[in-house]
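In order, the protein sequences belong to chains A and B. Counting in the working numbering, the first sequence runs from 1 upward without gaps. Counting in the working numbering, the second sequence runs from 1001 upward without gaps. Every residue, glycine too, gets a C-beta built ideally from N, C-alpha and C. On a predicted model such as this, the values are computed, not experimentally measured, just so you know. Okay, structure first, notes after.
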Amino acid sequence: MSRREGSLENPQADSSISPLPHLEAKIRQTHSLARLLTKYAEQLLQEYVQHQGDPFGLPGFSPPRLPVAGLSSPAPGHAGLPAPERLRLDAAALSALPPLLDVVRRHQAELNPRAPRLLRRLEDAARQARALGAAVEAVLAALGAEPREPRPEPAAAAAAAAAATATATDAGVFPAKVLGLRVCGLYREWVSRTEGDLGQLVPGGPA
Amino acid sequence: TPSGRSGPFGTAHSAPQAIPHCTELLQASCGAPDRPSSLTPDTAVISPQDPTLLIGSSLQATCSVHGDPPGATAEGLYWTLNGRRLAPELSRVLNASTLALALANLNGSRQQSGDNLVCHARDGSILAGSCLYVGLPPEKPFNISCWSKNMKDLTCRWTPGAHGETFLHTNYSLKYKLRWYGQDNTCEEYHTVGPHSCHIPKDLALFTPYEIWVEATNRLGSARSDVLTLDILDVVTTDPPPDVHVSRVGGLEDQLSVRWVSPPALKDFLFQAKYQIRYRVEDSVDWKVVDDVSNQTSCRLAGLKPGTVYFVQVRCNPFGIYGSKKAGIWSEWSHPTAASTPRSERPGPGGGACEPRGGEPSSGPVRRELKQFLGWLKKHAYCSNLSFRLYDQWRAWMQKTHKTRNQEGVLTSSSAGASPERSPAQTAPVPPSAAAGPPGVGKEQGAYHGWQRPSPALPHRPGREALKHPGRQPRPESQGAVLCTGGVWDSVYRGSWGAPSGQALE
């Protein structure tokens, strides 16, 4: 199958490739999932700031967008990368998010124990990030592209996140709130980025 | 280190620099060319960090800028609390690197996660933050009530002291122990029937008292409720009666029959159930409650409006379980069941269904009706087994013959009377003012305000024994009457048999 950056074409070109209709269906499904999770991520962020109190919910509030545990926002040049590279970065970010979301949920369980909806959304977000990450990796595998770097073991990722917990807690409640805001923001950015990257692969989508 | 403006959160305007204190959280980003900031607690810090304070108290806080770069100064720093900038007069520069804040008469925290007190650099960037917890210690919880569903569990709820508003997260813990022995146990399933409730699902002993109390704790202290002592058997409730059916009683326009099944969960235990029925007209919010429906599973509502939809509910109180002398706890009401009373298709003088029938009095007091019935019975009935069915038959007969009555209300004889042996004879109606019914019968209101055993002067007939007069005072405000029977006419609570349209029986 010949590959053009950001699109699939000519499904009849190479009959030895796994059936393209299946791949296309997989891409569509994953794209739909990403679109749904983008909405959920937005709701999570709104719920989160609401429970932290002002200034977290105020329009002018913008603490520095700190990278967290090796996870940064999508780089400005992300959109210009080849599709498999973009998807690899998406998958890597999505796999790094669940332990961080768990950390934030534990913080919030202490800070906002009477906010069950927030806690549930954080728990769901961790699970959904895992699911989307796995789906993106399945698409990558179907495209014949392997992740460039091995994913960190879940235990190691959880340990790093636990260290983040201790750090944030030691620094005080306010830094823990800011950390949670950053993590929720990263979650939203990466699921939205994933949606965009998959959208370019959907047949009939923009090249 | 970042520029002098940086604090724990750096600044978007700082030039990228090496970060001397990278926490594990940020390890991968250290030295990133476009990420100058880091969580560096010793760049600026607020003291006290996350304090807990009583409402009305004061706070003295400081924001201290530490370390590099040189020139970092407290000048230009300012405070915000929950996003609102604090008045400059509340702040003062203590020294070159420290800005102080004095707040007095603090209000309760706006959110559970704490009020956000933030120290800002001159350009508005965040240098440090601290969360304030301002509230009250908990007051003693009170009003603990518990109930057991079918003797299998225990659910308790309570009222928090101080109406629950401490402005701080307050943890409530329900504790229980056997009174005479055993250790303290803690309930684990909270919020089962509201925010201040807990459910103990199993491992409860019967025939022995428990002690139950609630402990409330928050950052400012703790409080404990009084101890409630109870035996599970004394607080038993059950599910609502299942299978509640409401149906018409033949063509009787003012009656509905209610039947239900006793709760099956307690069927193996010796107890007598009490029931309550409540009913209302479809478009009304006012329920009428019928008390003391003792140990029966059927009841008849009478005196209802014809052609009207009624909603009916039943609930159960199990008492006397295992010989307990205490009443149980009323179950929830059953799901509403609806039924409508029939309306006969009798055209009025103008052909309209709602016009009063000619020749009928404008109201049909029970008193007059029952007096007539008794008079009729006395003369014409010989009933070995006087039953409500017999009364229904008489009423049906009365409805049929009302058309032939003249203004004096003369009854027409009919062979459709209930007596198997005699026909009802003509009986002149007795004006209400000259009522001569059973003793204790009320007068002009047309309602029975007391129903006593008939005078001994009345001849004894086998059927009369079936007439039981509980002597209970009915509720004068209740509409309609209730006949709760197992086939025997038990009691009549009140008159006012019928709709204002005058469809009362004569």
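Residues near residue i by beta carbon distance below 6 Å, same chain, minus five either side
i, result
"Gln1049/B", "Ser1130"
"Val951/B", "Look at the range of chain B in this structure, 1001 to 1506, and you will see that residue 951/B is not part of it."
"Glu24/A", "Pro203"
"Thr1170/B", "Pro1138, Ala1216 and Asn1218"
"Ala1353/B", "Residue confidence is low: Ala1353/B scores 38 on pLDDT, short of 50, so the model does not pin down where it sits. Its coordinate-derived value is still stated next. If we look at Ala1353/B and ignore the five residues flanking it on each side, it has no Cβ neighbours."
"Tyr1190/B", "Cys1198"
"Arg1278/B", "Trp1287, Val1289 and Gln1313"
"Gly70/A", "none"
Counterpart residues of residue i in DSSP-defined beta bridges
i, result
"Lys1149/B", "Thr1237/B"
"Asn1295/B", "Answer is none; Asn1295/B lacks a bridge partner."
"Phe1319/B", "Gln1272/B"
"Ser1047/B", "Thr1062/B"
"Asp1115/B", "Leu1132/B"
"Lys1177/B", "Glu1211/B"
"Val1285/B", "Answer is none; Val1285/B lacks a bridge partner."
"Ile1329/B", "Beta-bridge pairing links Ile1329/B to no other residue."
"Ala1216/B", "Tyr1172/B and Ala1223/B"
"Cys1187/B", "BP columns for Cys1187/B are empty, so no partner."
"Arg1084/B", "Leu1081/B"
"Asp90/A", "According to DSSP, Asp90/A bridges with nothing at all."
"His51/A", "According to DSSP, His51/A bridges with nothing at all."
"Ala1102/B", "Gln1060/B"
"Arg1278/B", "Val1289/B and Gln1313/B"
"Val68/A", "Leu71/A"
"Ala34/A", "According to DSSP, which records beta bridges pairwise, Ala34/A is partnered with nothing at all."
"Val1093/B", "Leu1099/B"
With 16 other Cβ atoms within 10 Å as the buried cut-off, status of residue i
i, result
"Glu1444/B", "Residue confidence is low: Glu1444/B scores 34 on pLDDT, short of 50, so the model does not pin down where it sits. Its coordinate-derived value is still stated next. Looking at its Cβ environment, which holds fewer than 16 other Cβ atoms inside 10 Å, Glu1444/B is exposed."
"Leu198/A", "buried"
"Glu1075/B", "exposed"
"Val1290/B", "buried"
"Ser32/A", "exposed"
"Tyr1322/B", "exposed"
"Tyr1275/B", "buried"
"Pro82/A", "exposed"
"Pro74/A", "buried"
"Pro1036/B", "Because Pro1036/B carries a pLDDT of 26, less than 50, the predicted location of this residue cannot be relied on, and the following value inherits that uncertainty. Counting Cβ neighbours within 10 Å, Pro1036/B comes out buried, since at least 16 surround it."
"Arg1368/B", "buried"
"Glu1282/B", "exposed"
"Asn1295/B", "exposed"
"Asp102/A", "buried"
"Ala1104/B", "exposed"
"His107/A", "buried"
"Ala1102/B", "exposed"
"Lys1267/B", "exposed"
"Gly1303/B", "buried"
Member of the options whose CA lies at the smallest distance from the CA of residue i
i, options, result
"Ser1155/B", "Cys1146/B, Gly1108/B and Gly1161/B", "As written in the sequence, residue 1155/B is Thr, which differs from the Ser given in the question. With distances taken between Cα atoms, Thr1155/B lies closest to Cys1146/B."
"Ala1216/B", "Glu1369/B, Glu1139/B, Gln1393/B and Thr1052/B", "Glu1139/B"
"His1066/B", "Ala1121/B, Ala1273/B, Gly1323/B and Ala1223/B", "Ala1121/B"
"Leu1252/B", "Arg1395/B, Met1151/B and Trp1376/B", "Arg1395/B"
"Gly1124/B", "Leu87/A, Ala34/A, Gly172/A and Gly60/A", "Gly60/A"
"Arg1092/B", "Pro1201/B, Arg1278/B, Asp1243/B and Cys1119/B", "Cys1119/B"
"Val1045/B", "Thr1052/B, Ala1087/B, Ser1097/B and Pro1306/B", "Ser1097/B"
"Lys1202/B", "Ser1173/B, Met1398/B and Ile1232/B", "Ile1232/B"
"Ser72/A", "Gln52/A, Pro84/A, Leu87/A and Leu97/A", "Leu97/A"
"Leu994/B", "Gly1108/B, Ser1047/B and Tyr1181/B", "Residue 994/B is absent from the structure shown; chain B starts at 1001 and stops at 1506."
"Ala145/A", "Arg86/A, Val104/A and Asp124/A", "Arg86/A"
"Cys1316/B", "Leu1374/B, Thr1237/B, Thr1192/B and Val1309/B", "Thr1237/B"
"Leu1099/B", "Lys1305/B, Ser1064/B, Pro1242/B and Lys1371/B", "Ser1064/B"
"Gly1194/B", "Arg114/A, Arg28/A and Val104/A", "Arg114/A"
Spatial neighbours of residue i in its chain, beta-carbon cut-off 7 Å, leaving aside the 5 residues before and after
i, result
"Asn1082/B", "Arg1110, Asp1115 and Asn1116"
"Gln50/A", "Gly57"
"Asp1239/B", "Pro1263, Ala1265 and Ser1331"
"Leu1178/B", "Ala1205, Thr1208 and Tyr1210"
"Leu89/A", "His78"
"Leu1220/B", "Thr1052, Leu1054, Gly1135, Leu1136, Pro1137 and Leu1168"
"Leu45/A", "Cys184, Gly185 and Arg188"
"Glu195/A", "His31, Ala34, Arg35 and Thr38"
"Ala91/A", "Gly133, Val136, Glu137, Leu140 and Pro147"
Beta-carbon proximity list for residue i, same chain, < 8 Å, skipping 5 on both sides
i, result
"Pro55/A", "Phe61"
"Thr1229/B", "Arg1179, Pro1209, Tyr1210, Glu1211 and Ile1212"
"Phe1142/B", "Trp1158, Thr1159, Gly1161, Ser1225 and Asp1226"
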